[in-house]
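Taken in sequence, the protein lines are chains A and B. All residue numbers in the first sequence are consecutive under the numbering used here, ending with 705. All residue numbers in the second sequence are consecutive under the numbering used here, ending with 789. No residue lacks a Cβ here, since even glycine has one placed at the ideal position from N, Cα and C. In this text the structure is predicted, and so the values were computed from the model without any measurement. Shown next, in structure tokens, is the structure this report addresses.
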Amino acid sequence: MGITNIYNIIEPKDMNKNALLQILLSVQDADPRNYVSEENINQIAQMLNVSRSRVYTTASFYSEISLKPRGFHLIRVCSNAPCENDGKAEILKTIEKTLGITIGETTKDEFFTLESVNCLGACYMSPAIKIDDQVYGNLTPKETIGILKNIMEADKHE
Amino acid sequence: MQTVQINLNGRDVVVNEDLSILEAAKANGIRIPSLCNHTDQDVKANCRVCVVEVEGVRNLVASCSTKVAEGMKIRTDSPRVRSAVRTVVELILADHPQECLTCIRNGTCELQELSQRLGISNVRGRKRHDKLPIDDSTNVLVRDPNKCIKCGRCVEACNNIQQVGILFTHYRSTDVQITPEYGKSLSEVACVLCGQCVLACPVGAIYEKDNTAEVWDVIGDPKKHVVVQVAPAVRVSIAEEFGMPPGSISTLKMFSALRMLGFDRVFDTNFSADLTIMEEGNELLHRIQNGGVLPMITSCSPGWIKYIEHYYPEMLPHVSSCKSPQQMFGAVAKTYYAEKSGVPAEDICVVSIMPCTAKKYEAARPEMNDSGFQDVDIVLTTREFGRMIKQAGIEFDDLPDSEPDSPLGKSTGAAALFGATGGVMEAALRTVYEVVTGETLEKMEFEDVRGFEGIKSASVNLAGQNVNVAVSHGLSNAKQMMEMIKSGEGDYTFIEVMCCPGGCIGGGGQPYGTTTDIRKKRIESIYEVDRNMPIRKSHENPEIKEIYEYFLIAPLGEKSHKLLHTKYTDRKNLTAK
């Protein structure tokens, strides 16, 4: 499981111990399931000539890094005060209802994982959510459903 | 040395400016409590038990990680400090199992001592973690994560001192756990079972698998003929278990204690250490004379053997095929001694007392059965030996002296040296020199291979030929040594590698509280044992001469080969894809 050849993602010259966090993030980004697999942890350890446990200590510390497979799309709902005040609860409820999952869960078809995040830096357009690399702001429940449907449609055509 | 004046609890004192507040206080008669601090380790400032008040600083500071400065006003005894320390310890206790009476560290636990010292009689706060499974997957170490206080001392021992990197702090905040990756058990990872984590742990979160009950059982079984062997390093450390100063030599009391415990025969691993020198010295000469793989590396240390099998299996041809003294003893006890005494080998039970946790693993290796039975049946650490003496109610201080039994009890000064880093090298050189040159060695001490430096080297003149040798102790140094050999650096013929810092006297089975200073004291005592032995060269041991004359015939001979030599296993699969 995971990425088969890490050298396709990271150049050998960039493989150094000080860049461990960046390496983990790059591997996670390249994995369609948005996580770092055990095989990849082992490979990184071997490439950096450190123990597996050493790699795992960093990987397990950061909530940004997932050690379990996630959905193909990551939905992060901002839970900070401005979003909270501007209707985050309603947006979250809409997503939960549309996808049938709650925070921390993945849909049965493995399309979406829903997570909560403390700030997206998008307070000016609260309530905001982030799906993969795209931030969506000033959301209404109706727009939220539209965004999710669009993504599902786009995936169908792929 | 630059000094600064500080004010400690209202008293002006002058201290070295390099000291931390904790060290400066200690130098001035005040012991600031701490759990994560360890004299041989880097400062971690994890546990927050050592906080003090510094005038002009808003928050309390960790005294282990704060250096003294000119004019610094420090209070270790203010109500604020007292209340903070108390709260910190109470928080630790709130999540700590209240099982002190049945804990292996009862009486030696640093948390227990701290709680007693602070007079904690009531723990406010509730336990917030569920009971986690205990890892007893190996026959050597047990890890109880419920007792772990996350101080990080084992992590430091595993990752910095030994550089094996099995135990690390994983996850975050209240979820923190110290485990191998993915919470794996120790049998699923490339742990060498050296037990340095055990020595580092302030509580009962990681400890040796206690085999004392099995030993009591066999002693009590009239059908069993139980023989015991004791490693060189135990005679300079066992007394610490009874409050005697580090480095106390108690060789002859130790033999008396073993006899009183009920062992049928009391033998000595030092005998088989001499046997190891005969085999290993001759193997070295054989390799030199026949173009064998050089440098040859010693094989006495089971932690080291497991390490090289996991991490440098390509280097295994360098390792001497000799079994360790423990295993040589087991093999001859169930053959030579069985024959000589008339006791059938199947009735003989071999118990060994070792300064080492990895010896338990070594004894259980499936290939260690050349006598036709498992060569060594049960291995106890120095600490377990101490427990048995206490259980038997023996007053160790008052024991009379006594000698070990024949025919596996006589030994030389050379054998005693096995307990200290550089000792196997020195013992081997004494014998190899005399065998090669045919001359008597005048100065027995090889000073260059003594001392606490991580890697030592020496050049020895053997019949006009210079032979370079090297010695390393602690796995971080072993790793460096392996990299050196692989890169072609250092033209060595013979290398001694010991897994633990200081050699066996610093082994993972030694008394709790082992520090570098204590290791050095034990090493001094090892040299004293050597100096005081009437015979100091392995090949002059009369019982060794006897076993070769009547049983083994010759070093590296057919019988030796079968009983005293072994093969190794490539265990790379746990460290690489």
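- Message: Just to make sure I have the definition right: I need the residues of chain B whose C-beta is within less than 7 Å of the C-beta of Glu-585/A. Which are they?
- Response: Tyr-394
- Rounded C-beta distance between Pro-688/A and Thr-641/A? I'm assuming under 8 Å. 4 Å
- Message: Would Ala-237/B and Arg-243/B qualify as a contact pair, given that the criterion is a beta-carbon distance under 9 Å?
- Response: yes
- Should Ile-489/B be flagged as near chain A, meaning a C-beta pair shorter than 9 Å? no
- Message: For Lys-552/B and Val-562/B, which I take to be in contact (beta-carbon distance under 8 Å), what is that distance rounded to the nearest angstrom?
- Response: That pair is no contact at about 15 Å.
- Message: Does any residue of chain A have a CB that is nearer than 9 Å to the CB of Leu-379/B?
- Response: yes
- Does DSSP classify Ile-606/B as helix, strand or coil? coil
- What residue from Lys-622/B, Ile-517/B, Tyr-549/B, Tyr-524/B has the CA that sits closest to Asp-476/B's CA? Residue nearest to Asp-476/B within the set Lys-622/B, Ile-517/B, Tyr-549/B, Tyr-524/B is Tyr-549/B (criterion: CA-CA distance).
- Message: Which same chain residues end up closer than 8 Å to Asp-254/B when comparing Cβ atoms and leaving out the 5 residues on each side of it in sequence?
- Response: Glu-368, Asn-372
- Message: Just list the residues that DSSP pairs Cys-534/B with in beta bridges.
- Response: Note: Cys-534/B sits in a beta bridge opposite His-777/B.
- Query: I think Thr-605/A touches Leu-568/A, with their Cβ atoms under 8 Å apart; what is that distance to the nearest whole Å?
  - Reply: 6 Å
- Residue-level contact to chain A via CB, Ile-383/B, 9 Å cutoff: For the sequence presented, residue 383/B should be read as Tyr rather than Ile. Output row for Tyr-383/B: interface = yes.
- Item | Minimum C-alpha distance to Ala-604/B - residue among Ala-306/B, Leu-473/B, Gln-501/B, Gly-584/B | Cα-wise, what sits closest to Ala-604/B is Leu-473/B.
- Message: Strictly under 9 Å for the Cβ-Cβ distance: is Val-664/A near chain B by that measure?
- Response: no
- Query: Helix, strand or coil for Ser-684/B per DSSP?
  - Reply: Strand, per DSSP.
- Query: Thinking C-alpha only, which one of Gly-634/A, Thr-654/A, Asp-679/A is nearest Glu-643/A?
  - Reply: Thr-654/A
- Message: Considering only DSSP beta bridges, list what Met-566/B is partnered with.
- Response: Thr-593/B
- Message: For Met-466/B and Lys-571/B, I'd like the C-alpha separation in whole angstroms.
- Response: Just so you know, the alpha carbons of Met-466/B and Lys-571/B end up roughly 20 Å apart.
- Message: Taking the beta carbon of Lys-789/B as the centre, do at least 16 other beta carbons fall within 10 Å, making it buried, or is it exposed?
- Response: Note that Lys-789/B scores 38 on pLDDT, short of 50, meaning its location in the model is unreliable; the coordinates nonetheless yield the value given after this. If you draw a 10 Å sphere on the C-beta of Lys-789/B, you find fewer than 16 other C-beta atoms in it, and that means exposed.
- Query: Closest by CA to Gly-651/A, which one among Lys-560/A, Arg-617/A, Ser-573/A?
  - Reply: Arg-617/A
- Message: Under DSSP, the beta strand (DSSP E) around Ser-669/B begins and ends at which residues?
- Response: 667 to 674
- Going by alpha carbons, who is nearest to Pro-578/B out of Thr-781/B, Lys-362/B, Val-297/B? Thr-781/B
- Identify every run of the alpha helix (DSSP H) within the segment 260 to 332 of chain B, keeping only runs that are complete inside it and at least 4 residues long; order them along the chain. 291 to 306, 322 to 329, all fully within the segment 260 to 332 of chain B.
- Which residue from Thr-624/B, Asp-609/B, His-773/B puts its Cα closest to that of Pro-746/B? Selected option, being the one with the closest Cα: Thr-624/B.
- Task: May I ask you to list the residues that DSSP assigns as paired with Ala-215/B?
- Result: Checking the sequence, you will find Thr at residue 215/B rather than Ala. Partner(s): Asn-228/B.
- Per-residue DSSP class, three states only, for Ile-242/B: coil
- Query: Between Thr-726/B and Pro-537/B, what straight-line distance do the alpha-carbon atoms span, to the nearest angstrom?
  - Reply: 24 Å
- Using alpha carbons as the reference points, say which of Pro-309/B, Gly-459/B, Thr-510/B lies closest to Lys-172/B. The structure shown has nothing for residue 172/B, since chain B only spans 213 to 789.
- Task: Given a cut-off of 9 Å, decide if Lys-668/B and Arg-662/B are closer than it, judged by their beta-carbon atoms.
- Result: yes
- Item | Extent of the continuous beta strand (DSSP E) to which Ile-489/B belongs | First-last for Ile-489/B: 481 to 501, but that is the alpha helix (DSSP H), not the beta strand (DSSP E).
- Message: Between Asn-785/B and chain A, is the shortest Cβ-Cβ distance under 9 Å, so that the two count as touching?
- Response: no
- Just checking, does the segment 670 to 686 of chain B make contact with the segment 636 to 648 of chain B on the three C-beta pairs under 8 Å criterion? Yes, they touch.
- Residues that Phe-608/A contacts on chain B, provided the C-beta gap is smaller than 8 Å: His-382, Tyr-383, Arg-384
- Query: So is Thr-653/A in contact with chain B if we call contact Cβ pairs under 9 Å?
  - Reply: no
- Query: The beta strand (DSSP E) spanning Ile-418/B covers which residue range?
  - Reply: 418 to 420
- Among residues of its own chain, excluding the 5 on either side of Lys-771/B, which ones have a beta-carbon nearer than 8 Å to its beta-carbon? Answer for Lys-771/B: Phe-763, Leu-764, Ile-765, listed in chain order.
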